[in-house]
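In our numbering, the protein residues as written are -12 to 203.
Don't be surprised by glycine CBs; every beta carbon is placed ideally from N, CA and C.
Accompanying notes for the structure given below.
Set out below in structure tokens:
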């Protein structure tokens, strides 16, 4: 496990906590040091801060994905805006957690990423004739560009990384919305409705009592 975090106390706390869970943990305190560590290979996952000296977390992820290094990345940030979270996912992170955070939640998300593993991912994500290009922040349907708001884009970006899987409303609220904010319970349904109008109702199924599934 690699922790890239420039706040020494937080990095040390994460290292101690993860080691207590049985992980072997290395720590890097700058963006360039983190990049060198990843290039050295051998890590199952990375916990990555956004604001780092020398190279931002966003840029670090972009570089390792451009080099086709697919280890799961859990990004940490004090920024909790929807654009910041969308940017983190767009540049190649697998999950995003805002500071301050619960260590129990961090550990649960990390384990979820490790269970999913690190399959090779294309630069452009697709589900049928629906495509999302994270680098260009562009969505197309049958070759035609689709204009999405930041929240709609973040919702689709999360779902298209799990094509054919049922994703619960709670999971979407937790990952696409900031769990620390008082989000209306029907927010997911509202934005699923908005997204359906733009990509087609049949492409985003409701699985009653379970959640939503993006068809492939």
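Close-in-space but distant-in-sequence residues of the same chain around residue i (CB under 6 Å, 5 per side omitted)
i, result
"residue 1", "-10"
"residue 80", "48, 60 and 62"
"residue 183", "191"
Neighbourhood of residue i by C-beta distance below 7 Å, restricted to the same chain and skipping five residues each side
i, result
"residue 193", "199"
"residue 100", "32, 59, 61, 81 and 82"
Residues near residue i in its chain [Cβ-Cβ closer than 8 Å; skip 5 each side]
i, result
"residue 13", "-12, -11, -10, 24 and 30"
"residue 147", "112, 113, 114, 117, 119 and 201"
"residue 96", "61, 82 and 84"
Boundaries (first-last residue) of the alpha helix (DSSP H) holding residue i
i, result
"residue 181", "174 to 186"
"residue 82", "Residue 82 -> not in any alpha helix (DSSP H); beta strand (DSSP E) instead, spanning 82 to 85."
"residue 21", "18 to 27"
"residue 7", "-5 to 7"
"residue 63", "Taken as a continuous stretch (DSSP letters only), residue 63 belongs to no alpha helix (DSSP H), being part of the beta strand (DSSP E) at 60 to 64."
Unbroken beta strand (DSSP E) run spanning residue i, endpoints
i, result
"residue 125", "125 to 128"
"residue 119", "117 to 120"
"residue 192", "191 to 194"
"residue 104", "First-last for residue 104: undefined, no H or E at that position."
Counted within 10 angstroms of its Cβ, other Cβ atoms place residue i as buried (16 or more) or exposed
i, result
"residue 207", "Residue 207 cannot be examined here, being either before or after the span of the chain that is shown, -12 to 203."
"residue 11", "exposed"
"residue 134", "exposed"
"residue 89", "exposed"
"residue 92", "exposed"
Candidates the options, of which the one nearest residue i by Cα
i, options, result
"residue 118", "143, 96 and 22", "143"
"residue 56", "22, 158, 7 and 120", "22"
"residue 185", "136, -1, 98 and 16", "136"
"residue 138", "176, 130 and 38", "176"
Helix, strand or coil at residue i according to DSSP, with G and I counted as helix
i, result
"residue 166", "No answer about residue 166 holds up, because its pLDDT of 48 lies below 50 and its placement is not dependable."
"residue 200", "strand"
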